[in-house]
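Here it is as structure tokens:
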């Protein structure tokens, strides 16, 4: 299995940081996992040169000096006195921002900067994804592009404008916000900020925004503490997509994901078929989509709002194929 670029950079930093001697290019190739992927010496030297530039670009003090290896006039190391950092403490939210950046900045010139920064942080003992408690994933290319722009606007305290299409609406509306925070919550990506037209905090799912643009640096209201911003986000999510306690019937041999989520299940024959009544707690939106995807093999029994959501989804799907 080939080694990823970010992992190779981490391996290189660890190797050069753990020695007081200068290591030659040949020694580094033998010791650092990732360089063995190179098909020949020339390919390795080109990759090594790129890696050295990237480490230096992110501030890693790569030092060159006389190597102990016979016939190798130059070697490399990372001196401890130039690389030791004071104790670093990141909140889960701060570490989450690093995880967001590592996922968003995966193309173009941002990729090298993100990989280098993650290499330096990991070598210093920080695992952004692990500390954040969750990984961030965006599969839709349009949402990925929006996330990259939003992340830059948040970092630069810049005005953000976009078109937003609320759930159930067909036409987008123009919105202007001063963004405070962006990240993943319960599997969805959001941006939270001060809505200039509404004059109050608002939360938006990035999957529902388009035509995202970054404007000038702007702050008309103070930015709340991160804990307060996340409280606003959770309140908005609970209003739009509350967690419900539901009973769902599933036919035997079907709805494996629903069965895995169930906290209790009892055999129940319904609709002329053998199955089970599942007791499930989950966000209303996700649960209704999961049930609808099973067609006749899963039925929402309670609460009424869940049944309405499932019927709405199935009706829309039926009309779409007519």
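Residue numbers (the UniProt record's numbering): 1 to 322. Just so it is clear, CB atoms sit at the ideal spot from N, CA and C, and this is done for glycine as well. Owing to the predicted nature of the structure, the values given are computational and were not obtained by experimental measurement.
Name the two residues that bound the continuous alpha helix (DSSP H) containing residue i.
i           : result
residue 238 : 226-240
residue 62  : No alpha helix (DSSP H) holds residue 62; DSSP gives it neither H nor E.
residue 27  : 25-31
Kindly indicate the opening and closing residues of the beta strand (DSSP E) around residue i.
i           : result
residue 188 : 188-195
residue 35  : No beta strand (DSSP E) contains residue 35, which DSSP labels as neither H nor E.
residue 177 : 173-185
residue 246 : 243-251
residue 56  : Note, residue 56: premise wrong, no beta strand (DSSP E); alpha helix (DSSP H) at 41-57.
residue 156 : Neither: residue 156 is in no beta strand (DSSP E) and is coded neither H nor E.
residue 77  : 75-77
Quick check on DSSP: helix, strand or coil for residue i?
i           : result
residue 18  : coil
residue 215 : strand
residue 4   : coil
residue 203 : strand
residue 161 : strand
residue 209 : strand
residue 315 : helix
residue 92  : Interpretation of residue 92 is limited by its pLDDT of 49, a score under 50 that renders its predicted location unreliable; the figure taken from the coordinates is listed afterwards. Residue 92 falls in the helix class under three-state DSSP.
Do residue i and residue j have their C-beta atoms closer together than 7 angstroms?
i           : j           : result
residue 189 : residue 229 : no
residue 44  : residue 35  : yes
residue 77  : residue 19  : yes
residue 193 : residue 178 : yes
residue 218 : residue 197 : no
residue 298 : residue 255 : yes
residue 245 : residue 281 : yes
residue 195 : residue 205 : no
residue 279 : residue 263 : yes
For chain C, find out if any of its Cβ atoms is closer than 7 angstroms to the Cβ of residue i; answer yes or no.
i           : result
residue 198 : Of the chains in the structure shown, none is chain C; there is only one protein chain.
Okay, do the region 150-163 and the region 202-216 touch, 3+ Cβ pairs below 8 angstroms being the bar? Verdict: yes, contact present.
Using 8 angstroms as the threshold, is the region 5-16 in touch with the region 54-66, meaning 3 or more CB pairs across them? As far as the Cβ criterion goes, the region 5-16 touches the region 54-66, which means the pair count is three or higher.
Inspect the CB distances between the region 284-297 and the region 243-256 and report whether three or more fall short of 8 angstroms. With the cut-off at 8 angstroms, the region 284-297 and the region 243-256 touch.
Threshold first: 4 residues or longer. Then list the alpha helix (DSSP H) segments lying entirely within the region 261-312, N to C. Counting only runs of 4 or more, we get 284-293.
Should the region 302-309 be regarded as contacting the region 267-281, the criterion being three or more beta carbon pairs within less than 8 angstroms? In short, these stretches do not touch, since the Cβ pair count stays below three.
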